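What follows is a single structure, written as structure tokens, with notes after it.
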Amino acid sequence: AQATIAQKLWYTSPNPKEKKHVWFGESMTDGFQFEYGSEGSNPADVAIQLTFLRLMSTEASQNITYHCKNSIAYMDQQTGNLKKSLLLQGSNDIEMRGEGNSRFTYSVIEDGCTSHTNTWGKTVIEYKTTKTSRLPIIDVAPMDVGARDQEFGFDVGPACFL
């Protein structure tokens, strides 16, 4: 099942001009890291189940949908580069990014967060790997956030182990 994290103003920077990646769970006041398992399940049991899934699988994939309002998720239309692309944090603390070493880069299926249009858009990110210990994704860090008109939310898709 997919988990939805509300679309709203999550973070206001003391210095909105200074842009840096901000982890949703680790650094934003009301943010939280993503947890897996059914409602009310014991986290220790979920950890054991995930370990078995990883051991029994040769590949894994997961999608994250970033809902944006005046926040760039991947490609910046103004500059044409990916410097503002989101960071994803895997279960083993590895960071997946929009560019760089291909082992740690995600792909983008749909990119509707390329400019500040004052309307809601969405970017769909997919991460596929044969290193099953990297999934599921536990945190996301946008860079293009911090101003009062910059809002976002997520849909966290299921982690699939094959």
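Position one of the sequence shown corresponds to residue 1 (full-length UniProt numbering), numbered consecutively onward.
Glycine included, each C-beta is placed from N, C-alpha and C at the ideal position.
Computed from a predicted structure; not experimentally measured.
Contained alpha helix (DSSP H) runs [length at least 4] in the region 16-53, N- to C-terminal order
24-27
On the DSSP letters alone, give me the boundaries of the beta strand (DSSP E) that residue 66 sits inside.
The residue given as residue 66 occupies position 66 in the sequence shown. First-last of the beta strand (DSSP E) with residue 66: 60-69.
Only counting the same chain, and skipping five residues up and downstream in sequence, which positions put a Cβ closer than 6 angstroms to that of residue 143?
Along the sequence shown, one-based indexing puts residue 143 at 143. Around residue 143: 19, 21 and 84.
Could you say which of 41, 40 and 12 lies nearest to residue 29 if we only look at CA atoms?
Locating residue 29 in the sequence shown gives position 29, counting from the first residue. When each option's Cα is compared against that of residue 29, the closest is 12.
Would you give the residue range spanned by the beta strand (DSSP E) that residue 74 belongs to?
Within the sequence shown, residue 74 is the residue found at index 74, counting from 1. Taken as a continuous stretch (DSSP letters only), residue 74 belongs to no beta strand (DSSP E), as it is neither H nor E.
If you run the structure through DSSP and keep just helix, strand and coil, what is residue 107?
Residue 107 sits at position 107 when you count from the first residue of the sequence shown. It is a strand residue.
Could you tell me whether the region 145-157 touches the region 45-54, where touching means 3 or more Cβ pairs closer than 8 angstroms?
no
Burial state of residue 101, where buried means 16 or more other Cβ atoms lie within 10 Å:
Residue mapping note: residue 101 aligns to position 101 of the sequence shown, counting from 1. Residue 101 comes out exposed.
Beta-carbon contacts of residue 149 that lie in its chain and below 6 angstroms, excluding the five residues immediately before and after:
Stepping through the sequence shown from its first residue, residue 149 is reached at position 149. Counting only Cβ-Cβ distances below 6 angstroms, and skipping sequence neighbours, we find 70.
Is it true that the region 61-79 meets the region 135-142, where meeting means three or more beta-carbon pairs spaced less than 8 angstroms apart?
yes
Residues near residue 58 by beta carbon distance below 7 angstroms, same chain, minus five either side:
In the sequence shown, counting from the first residue as 1, residue 58 sits at position 58. Cβ neighbours of residue 58 beyond the five flanking positions: 130 and 162.
If you draw a straight line from the C-alpha of residue 66 to the C-alpha of residue 103, how long is it?
Translated into positions along the sequence shown, residue 66 becomes position 66. Translated into positions along the sequence shown, residue 103 becomes position 103. Between residue 66 and residue 103, the C-alpha separation is close to 22 angstroms.
Rounded straight-line distance, which links the Cα of residue 40 to that of residue 110
In the sequence shown, counting from the first residue as 1, residue 110 sits at position 110. In the sequence shown, counting from the first residue as 1, residue 40 sits at position 40. The alpha-carbon atoms of residue 110 and residue 40 are separated by roughly 33 angstroms.
Three-state secondary structure assigned by DSSP to residue 86:
Locating residue 86 in the sequence shown gives position 86, counting from the first residue. DSSP places residue 86 in coil when its eight states are reduced to three.
Nonlocal neighbours in the same chain, by C-beta distance under 6 angstroms from residue 4, ignoring five residues either side
Within the sequence shown, numbered from 1, the residue matching residue 4 stands at position 4. Result list for residue 4: 155, in chain order.
Who pairs with residue 4 in a beta bridge, going by DSSP?
Position 4 of the sequence shown, counted from the start, is the residue given in the question as residue 4. Looking at the DSSP assignment, residue 4 forms a beta bridge with 155.
Excluding sequence positions up to five away, which residues of its chain have a Cβ less than 7 angstroms from the Cβ of residue 112?
The residue labelled residue 112 in the question sits at position 112 within the sequence shown. So the qualifying residues of the chain are 121, 122 and 123.
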